[in-house]
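Same order as they appear, the protein sequences are chains A and B.
Numbering follows my numbering, in which position 91 of the first sequence is assigned residue number 401; successive positions increment by one, without gaps.
Numbering follows my numbering, in which position 122 of the second sequence is assigned residue number 227; successive positions increment by one, without gaps.
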Amino acid sequence: MKSFKLILNVWRQKSGNADGKFVRYEVPDVSEHMSFLEMLDVLNEALIGRGEQPVAFDHDCREGICGMCGFMINGDAHGPLPGTTVCQLHMRHFHDGQELWLEPWRARAFPVVRDLMVNRSAFDRVIAAGGFVSVNTGGVPDGNTLPIGKLDADRAMDAAACIGCGACVAMCPNSAAALFTGAKISHLGLLPQGQPERNTRAERMVTQMHAEGFGHCTSTGECEAVCPKHIKLEVIARMNADFLRAKLRSRD
Amino acid sequence: MKSTMSVTSRRLASFYQTAVGKKAVMAVTGLILFLWLVLHVLGNLQIFLGRDQINRYSAFLHATPEALWPVRIILIVAIVLHINSAVLLYLQKVKNRPIGYTKKGNRGATVMSRTMMWSGFALLVFIILHLLHMTTGTIHKDFIAGDVFHNLTFAFHQPTVVALYVLAMALLAMHLYHGLYSFTQSLGVSNPRHTSRIKPLAAAFAIVMASLFALVPIAVLAGFVH
Ligand code: HEM
Ligand code: SF4
Ligand code: FES
C-alpha cells in the first residue's frame with residue numbers, strides 16, 4: 311500500500327462571527343485508498359492527540375448521496391475530479407508532497423458555522439417556497455395511471471439527482487443558486503404532478519432565491535463542471551422560461 | 106400551505122427585482138442592440154459602392170426623421186436598461202460574496218464570459234467617442250456635415266484612429282461571443298439538442314459582425330477605398 315505526505319492549509323474559523331485564517335498542517339502518512347474525508351479524520355485524530363481542536367467539516371453518508379459534505383480544494387468545489395463529492399474523492403488522485411488549500415463554500419447566503427462547515431439552510435427556504443407538489447392524501451392510486459413520456463421521466467430523474475450540496479453556488483463567480491433551483495423546478499415541472507403549481511413554483515422559488523442573497527447566472531458553466539450529479543445547464547434555461555411565463559400569465 | 110413570504114410582499118417582489126428578471130431585460134435589450142448593429146454594418150459597407158452611394162444613404166436617413174428618431178429612442182432606452190441591469194447585478198454579485206476565495210480554480214469558463222462587464226464598459230466608452238467622432242463631429246479633425254464618405258476616409262487615414270476602431274471591434278467580438286449564447290439561456294429558449302450548434306453559431310456571428318465593421322477602417326487605411 312502506497313502512503314505519502316500532504317501539506318494542508320486549512321481555513322480555521324471558530325464561529326460565524328470570528329475572523330478566520332489558514333493554518334498549515336502536515337499529514338505524514340496518507341494512504342492512497344483513503345477518501346479525502348478519511349484523510350481529514352486522520353489529521354483530526356492527531357490534532358485531538360495534541361489537545362487541539364479538530365477541523366470541523368460536514369459529512370453524513372460518505373457515499374456521495376446525501377449532499378452534506380463539500381468544501382473547496384485548491385479552488386475547486388469538491389476537488390479536482392468531475393462528478394464527485396469530496397467524500398468519494400480518493401487520495402490516489404493526489405501525490406507526495408502536494409500542498410492543498412481547503413476553504414469553505416464562500417457566499418453571503420452560506421455563512422460559515424465553523425472551519426469548513428457552512429449553513430445551507432438558505433437552500434431549505436428556497437425549497438419551502440415552492441419545491442414541492444401539493445397532494446390530497448387518500449387511497450393509493452393504481453400504478454401507471456398517470457402517463458409520463460419516457461424522455462420526460464428520464465429528464466425529471468436526471469434533475470432529481472441533485473443532492474443539494476451547494477457546490478454550484480460555491481463555484482459560481484456570482485454565487486448563483488441557479489443550477490440547484492433549476493434542478494428542482496425541472497424535476498417537478500417535467501412531471502404531470504408538478505403542473506398545477508408550475509407557475510407559482512417558478513415565481514416563488516426564484517424570488518426566494520434572490521431574497522436569500524444568491525446571485526445571477528452569467529452562463530459561465532462553472533456550476534455544471536463541478537456538480538457531483540452532472541446537473542445540466544439546461545435546467546437553468548427551463549427555470550428562466552418557467553419564471554418568465556409565470557410572470558406573463560400571472561393574474562394577481 | 107405555509108408560504109415563506111406574505112402575499113403582499115410576493116406581489117411587490119416584482120419582475121425586475123429578481124436577478125432572472127434583470128437578465129431577461131438584459132437579453133432582450135442586448136438582442137435589440139445586436140439587431141441594430143446588423144443594420145448599421147449594412148450601412149457602413151456601402152462605402153465600397155462609392156462616395157455617392159454612402160452619402161445618398163446618409164442623406165436618406167437624415168431626410169426621414171420619422172424613421173431615424175424612433176430607432177434612436179429605442180436604442181437609447183435599450184442601452185440604458187442594458188447598462189442599468191448590468192450594473193445592478195454586478196453590485197449585487199460583489200455583495201453576495203463578502204469574503205473572496207484565496208484560491209479559485211476555473212473549470213472551463215471562457216475569458217469572454219468572465220469579462221462581460223469590462224468588455225461592455227469598453228464598448229460604452231467607444232460608443233460615446235464614436236458618436237462624438239462620426240455623428241456630431243466634435244472630436245473629428247475635419248468634419249463636413251453630410252459628407253460621410255469624406256468623414257470616414259479622412260479619419261481612417263490616421264493609423265491610431267484605425268487601431269482604436271479595430272480594438273473596439275475586437276471587444277465587440279468578445280462581448281457578442283458570449284452574449285449571443287447567453288441570451289438563449291436567459292430567455293429559456295435553450296434546448297440541449299441545439300446547444301452544440303448555438304455556441305459555435307454565436308461565435309461565428311460575433312466574429313463575422315466585428316470583422317465586417319473592422320473592414321471599413323482597414324480598407325481605407327490600406328488604400329482600397331477611393
Ligand atoms: C454594442 C452594444 C451592445 C450589444 C450588441 C450587447 C449585447 C449583449 C448581449 C446579446 C448580451 C447577452 C444577454 C444575456 O446574457 O442574456 C449582453 C450581455 C451583457 N452586456 Fe451587453 N451589449 C452591448 C453593450 C453593452 C454595454 C455598453 C455594456 C456596459 C455596461 C454591456 C454590458 C453587458 C453585461 C454586463 C452583460 C451580461 C453578461 C452576463 O451576464 O454574462 N453591454 N450584451
Ligand atoms: S445542482 Fe449539483 S452542485 Fe448544485 S446543489 Fe445540486 S448536486 Fe450540488
Ligand atoms: S457525505 Fe454524503 S455526499 Fe458526501
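For every residue, glycine included, the Cβ atom is placed at its ideal position computed from N, Cα and C.
Rounded to whole angstroms, Pro322 of chain B and Ile159 of chain B show a C-alpha spacing of 15 angstroms. Here DSSP, grouped into helix, strand and coil, assigns Ser431 of chain A to helix. With fewer than 16 other beta carbons inside 10 angstroms of its own, Arg402 of chain A counts as exposed. Using a CB distance below 9 angstroms, the part of the segment 543 to 556 of chain A facing chain B consists of Leu543, Glu544, Ile546, Ala547, Arg548, Met549, Asn550, Ala551, Asp552, Phe553, Leu554 and Arg555, ordered along the chain. For the segment 202 to 225 of chain B, the beta-carbon criterion of a distance under 8 angstroms to any beta-carbon of chain A is satisfied by Arg202, Pro203, Ile204, Gly205, Tyr206, Thr207, Lys208, Lys209, Gly210, Asn211, Arg212, Gly213, Ala214, Thr215, Ser218, Arg219 and Met221.
Residues Arg514, Met515 and Gln518 of the same chain have their beta carbon placed closer than 6 angstroms to that of Ala439 of chain A, with the five preceding and five following residues left out of the count. Under a 10 Å Cβ-count criterion, Glu362 of chain A is classified as exposed, with fewer than 16 other Cβ atoms of the shown protein chains found around its own Cβ. Look at Ser341 of chain A here: in three-state DSSP terms it is strand.
Distances taken from the Cβ of Ile188 of chain B to the heavy atoms of the ligand HEM include one shorter than 6 angstroms. Here DSSP, grouped into helix, strand and coil, assigns Gln505 of chain A to coil.
The nearest non-hydrogen atom of the ligand FES is less than 6 angstroms from the C-beta of Met378 of chain A. When secondary structure is reduced to three states using DSSP, Ser301 of chain B falls in the helix class. Take Ser325 of chain A, set aside five residues on each side of it, and the residues of its chain with a beta-carbon closer than 7 angstroms to its own are Arg424, in chain order. Contacts with chain A (Cβ-Cβ distance below 8 angstroms) from the segment 117 to 137 of chain B involve Ala118, Phe120, Gln122, Thr123, Ala124, Val125, Gly126, Lys127, Lys128 and Ala129, listed in chain order. With fewer than 16 neighbouring CB atoms inside 10 Å of its own CB, Gln505 of chain A falls in the exposed class. Looking at the DSSP output, His400 of chain A sits in a beta bridge with A:Ser345. For Ser291 of chain B, the residues of chain A that pass the 7 angstroms Cβ criterion are Asn550, in the order they occur in the chain. Checking the 6 angstroms criterion, the Cβ of His369 of chain A is within range of a heavy atom belonging to the ligand FES. Counting every other CB atom within 10 Å of its CB across the protein chains shown gives Ile249 of chain B a total below 16, marking it as exposed.
Arg372 of chain A has its CB nearer than 6 angstroms to a heavy atom of the ligand FES. Contact between Leu229 of chain B and Ile181 of chain B does not hold, since their C-beta atoms are separated by about 13 angstroms, which reaches or exceeds 8 angstroms.
Residue environment analysis places Arg548 of chain A among the buried positions, since at least 16 neighbouring C-beta atoms fall within 10 angstroms of its C-beta. Contact check for Arg156 of chain B and Phe226 of chain B: beta-carbon distance about 35 angstroms, past the 8 angstroms limit, so the pair fails to qualify. Neighbours of Arg416 of chain A across chain B, judged by C-beta separation under 8 angstroms: Arg202, Ile204, Gly205 and Tyr206. Taken from the Cβ of Phe139 of chain B, at least one heavy atom of the ligand HEM lies inside 6 angstroms. For the segment 295 to 306 of chain B, the residues whose beta carbon sits under 9 angstroms from a beta carbon of chain A are, in order, Ser295, Asn296, Pro297 and Thr300. The bridge partners DSSP lists for Ser313 of chain A are A:Ser341. Rounded to whole angstroms, the gap between the alpha carbons of Cys472 of chain A and Thr510 of chain A is 21 angstroms. When 7 angstroms is used as the limit between beta carbons, Leu194 of chain B is near these residues of chain A: His526, in chain order. For His497 of chain A, the nearest beta carbon of chain B is not closer than 7 angstroms to its own beta carbon. Here Leu391 of chain A carries a coil assignment [DSSP, helix/strand/coil].
Using a Cβ-Cβ cut-off of 7 angstroms, Asn384 of chain A is close to Lys208 and Gly210 of chain B, given in chain order.
The beta carbon of Gly504 of chain A does not come within 7 angstroms of any beta carbon belonging to chain B, so the residue lies off that interface. A contact is defined here as three or more CB-CB pairs under 8 angstroms, and the segment 294 to 306 of chain B meets this definition with respect to the segment 535 to 553 of chain A.
Per the coordinates, the alpha-carbon of Val199 of chain B lies some 28 angstroms from the alpha-carbon of Phe139 of chain B. Segment contact: the segment 273 to 280 of chain B against the segment 213 to 227 of chain B, three or more CB-CB distances shorter than 8 angstroms; contact assigned.
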